[in-house]
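First up is the structure itself, then whatever we jot down about it.
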Amino acid sequence: MNKYIKIVVATLLILGGLYMMFFTRSLGWGIVVFLLAALPIFLFFKNENILLAFWQLRKQDMVKASKFLNNIKDYKTELHKNQYGYYHYLQGLVLAQDHPTKVEPFMKKALEYGLNMKHDRAMATLNLAAGAISKGKKQEGQRLLDEAKRLDSAGMMTDQIKMLKDQLKMPTMQKHMHNPNMRNRGKFF
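Residue numbers for the sequence shown follow the numbering used here, so the first one is 35 and each next one is one higher.
This is how it looks when you write it as structure tokens:
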């Protein structure tokens with residue numbers, strides 16, 4: 035649903051509530067309708083599909099979270115500017131389970147648009163660090179890990195950060211390097 039339709043609905047509810055309170059003398063119902071106008075105003079700033087996707091992610095149901103995110107056809111017309119980052123962040127989290135290589139552009143866009151919570155920014159930078167480490171970019175991975183550690187003030191991701199730092203310490207095997215003696219190895223020696 036377009037975000038401006040919600041404002042129109044809220045305006046109609048406010049006007050209906052005022053009409054009921056002052057012209058029909060139904061003060062109770064007028065107040066109820068007037069207070070119901072808060073719901074579309076709230077949903078203007080916090081999209082219902084994103085809220086439901088967060089709920090499904092919390093329950094670890096990636097399929098339903100993806101379904102709710104797919105309900106958003108054009109995020110620029112349906113979401114408020116503050117939620118562009120969270121839309122891309124959730125898309126990245128949903129894809130992280132099945133396609134970890136496709137997560138990086140979504141997390142970059144999420145950080146570009148902005149995330150309000152520190153732990154969300156920490157998770158996005160942690161995913162970017164994991165992508166950089168898997169591509170063999172150790173310096174960029176180390177820089178992103180340090181930034182993720184700085185953003186993780188609550189200490190919720192210390193295990194993941196430690197695991198990625200251990201991965202950084204491991205030597206990387208390059209594709210063109212191999213044991214030259216393996217070519218001469220026969221069947222019995």
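Cβ atoms here follow ideal geometry from the backbone N, Cα and C, with glycine treated the same way.
A quick note: this is a predicted structure, and the numbers were derived from the prediction, not measured.
Alpha-carbon to alpha-carbon, residue j and residue i
{"i": "E112", "j": "F102", "result": "13 Å"}
{"i": "D193", "j": "D186", "result": "11 Å"}
{"i": "Y109", "j": "Y118", "result": "7 Å"}
{"i": "R177", "j": "T159", "result": "10 Å"}
{"i": "I195", "j": "G170", "result": "17 Å"}
{"i": "E138", "j": "A87", "result": "20 Å"}
{"i": "K142", "j": "Y123", "result": "9 Å"}
{"i": "N161", "j": "F57", "result": "58 Å"}
{"i": "M157", "j": "L149", "result": "11 Å"}
{"i": "M190", "j": "A71", "result": "37 Å"}
{"i": "M55", "j": "N83", "result": "33 Å"}
{"i": "A44", "j": "P74", "result": "6 Å"}
{"i": "S60", "j": "I41", "result": "24 Å"}
{"i": "K37", "j": "M204", "result": "49 Å"}
Option nearest residue i by Cα separation, candidates the options
{"i": "K107", "options": "G175, E138, N81, G170", "result": "N81"}
{"i": "A188", "options": "Q176, I167, Q201, R155", "result": "R155"}
{"i": "L127", "options": "G64, D95, F79", "result": "D95"}
{"i": "H114", "options": "F78, R177, M191, M190", "result": "F78"}
{"i": "H153", "options": "E181, G165, F76, T45", "result": "E181"}
{"i": "Y147", "options": "Y120, A130, K136", "result": "Y120"}
{"i": "P134", "options": "G51, L145, A164, N116", "result": "A164"}
Other residues of its chain near residue i: CB distance less than 7 Å, five sequence neighbours each side excluded
{"i": "Q125", "result": "L103, F140"}
{"i": "L202", "result": "I167, K172, G175, Q176"}
{"i": "K199", "result": "L179"}
{"i": "N105", "result": "N83"}
Cβ-based neighbour list, residue i, same chain, cut-off 6 Å, excluding 5 preceding and 5 following
{"i": "Q90", "result": "K98, A99"}
{"i": "L145", "result": "A158"}
{"i": "G51", "result": "G64, V67, F68"}
heavy atom of the ligand MG below 8 Å from residue i C-beta
{"i": "W63", "result": "This structure lacks the ligand MG; in fact it carries no ligand of any kind."}
Worksheet item: Whole alpha helix (DSSP H) runs in the stretch 87-174 with 4 or more residues, listed along the chain?
Response: 96-104, 109-112, 118-132, 137-147, 152-168
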